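Asks: The structure is given below, and queries will be raised subsequently.
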Amino acid sequence: MSEKPGFGLSLPAKAMLMARLAAKGKSALAPELGRPGNRKETSTWSELPLFRELETLRNTADRLGVVSPYFRVHDGNATGHTAIAGRPLINYASYDYLGLNGDPRIIAAATEAMGHYGTSASASRLVSGERQVHLELERGIADYYGVEDAVALVSGHATNVTVIGQIMAAGDLILHDELIHNSAMQGALLSGARRYAFRHNDPDSLETYLKTHRDQHKRALIAIEGHYSMDGDIPDLPRFIELARRYRCWLMVDEAHGLGVLGRNSGGIADHFGIAHDEVDIWMGTLSKTLVSCGGYIAGKKALVEYLKFSAPGFVYSVGMQPATAASALAALNIVRAEPERSARLRANSTRFLEGVKAARLNPGTSIGAAIVPVITGSSVKAAKLAEAMFLRGVNVQPIIYPGVPERSARLRFFLSAAHTEADIDTTLAILTEESGKL
Ligand SMILES: Cc1ncc(COP(=O)(O)O)c(C=O)c1O
């Protein structure tokens, strides 16, 4: 599931509307725009039905006295700590799991690449040519997974859209976890394949559908995440691999929140289960989280990567990643591999936090405590008010509210980081316990 802001200012609400429209397979921005000569059909933006729904949400929030927690402006580097409007905060709204954002080695690599290559890769790599740093990043990713090859694209979201949209087609079958990220869902819709959402983390639900429907389709793809960003839980990877083999499906694992986070050697979900990486057909991930950069990647067989480099529209018809962005991701990846103590620290912090939440009799849902820990309030208003109270006391954490999640699952979502100290966590737990008791 994607992050879907709820009420508040018009822009986050637009994101929410887009997510809802996306689920219906529509574009939030296109549907009612007039074509030349068709002006009578044109609506103004504020007449769009979901825009009006948004206004109702905003008015409700105003009436309840809830301040929008969205689009706050950070003063500088937001990692385990941040500052907003000059006020220091312990930060749980950053994807910087290993505390790498601002690392001088990464900044030096990006600066050097910028000095060497300038600020642009100018056009699609297919036609305008390669930069060595792209190839080095892709080799680094392939080596991390111990697979044949990898390709990096300018956006994580666009990677899922263009890759799933390209490799699957009408007559095929895509089976995905019901909580899969919006980007994979968009790719599935784009592909024209039949789509089925099986129950979250439930291989039995997947198998029931495979038994009756697999044979009616040509190719089949199972798409799951290695570590789910809303709940902080993980799939039973060995079971999914077994089903993929038995029912002749490709298995795609989105490691956006698993890379560098899971596994004794920071090797992701396969490392967590002690499984060889080549048991999974398609490794997908983002450079924007643990690797504190920007972009997405696919890793797997050489033939898959070559196929995508010559066919995926988001690669063929889009610019190559800015060289400095590739260089920073590569420098971060090298640190992830060389300094496993970072993920050990993240694990220790996450365990400490999860245990504290349980001890306070708050509800962390199904989180395994590896980096993402929700605190489920069961009410959007409670979640928004609790987040606001925490913010006023120096803790930045995002509320996730209806319709981003069902009302009964409204929550605060804590992203832990290796950059947090034990004191940060204990302070946060004390404030959380006190403030949730007041609600
Ligand atoms: C599971 C998952 N996949 C893909 C993406 C998209 O990645 P990016 O934000 O780097 O475009 C995200 C981002 O939140 C994600 O959580």
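For the sequence shown, our numbering assigns the number 1 to the initial residue and increments by one for each residue that follows.
All C-beta atoms, glycine included, are put in the ideal place defined by N, C-alpha and C.
On a predicted model such as this, the values are computed, not experimentally measured, just so you know.
#1: Using the DSSP secondary-structure output, state which residues sit across from H74 in a beta bridge.
#2: In whole angstroms, what is the alpha-carbon distance linking A338 and Y145?
#3: Whole angstroms are fine: how far does the CA of R58 sit from the CA of G260?
#4: Which residues mark the beginning and the end of the beta strand (DSSP E) in which A299 is found?
#5: Comparing alpha-carbon positions, which option in S343, A370, R345 and R342 lies nearest L354?
#6: Where DSSP assigns a beta bridge to V395, which residues make up the other side?
#7: Could you check how far apart the C-beta atoms of M396 and A93 are, in whole angstroms? I think they sit under 8 Å.
#8: Grouping DSSP H, G and I as helix and E and B as strand, with all else coil, what is G140?
#9: Got a sec? Which residues, its chain only, sit under 6 Å from A244 by beta carbon, not counting five neighbours each side?
#10: Go ahead and pull the three-state DSSP assignment for A338.
#11: Please determine, among E242, Y307, A184 and Q398, the residue with the shortest C-alpha to C-alpha distance to T286.
#12: Under a Cβ-count criterion, where at least 16 other Cβ atoms within 10 Å of its own Cβ denotes burial, should T428 be classed as buried or exposed?
#13: Locate the beta strand (DSSP E) running through I106, then write down its first and last residues.
#14: Tell me, please, which residues DSSP counts as bridged to G285.
#15: For A331 and L64, what's the separation of their Cα atoms in angstroms?
#16: What does V375 pair with, by DSSP beta-bridge criteria?
#17: Strictly by DSSP, which residues pair up with F198?
Replies: Quick look at the numbers:
#1: For H74, the pairing in a beta bridge is given by DSSP as I84.
#2: 15 Å
#3: 38 Å
#4: G296 to G300
#5: A370
#6: I90
#7: Looking at the sequence provided, one finds Asn at residue 396 rather than Met. N396 to A93, Cβ: 5 Å. Contact.
#8: DSSP places G140 in helix when its eight states are reduced to three.
#9: Contacts found: I222 and L251.
#10: helix
#11: Measuring from the Cα of T286, the nearest candidate turns out to be A184.
#12: buried
#13: From DSSP, I106 is part of no beta strand (DSSP E) but of the alpha helix (DSSP H) over P104 to Y117.
#14: In DSSP, G285 forms a bridge with Y297.
#15: Using only the alpha carbons, I get a separation of about 46 Å.
#16: L412
#17: D177
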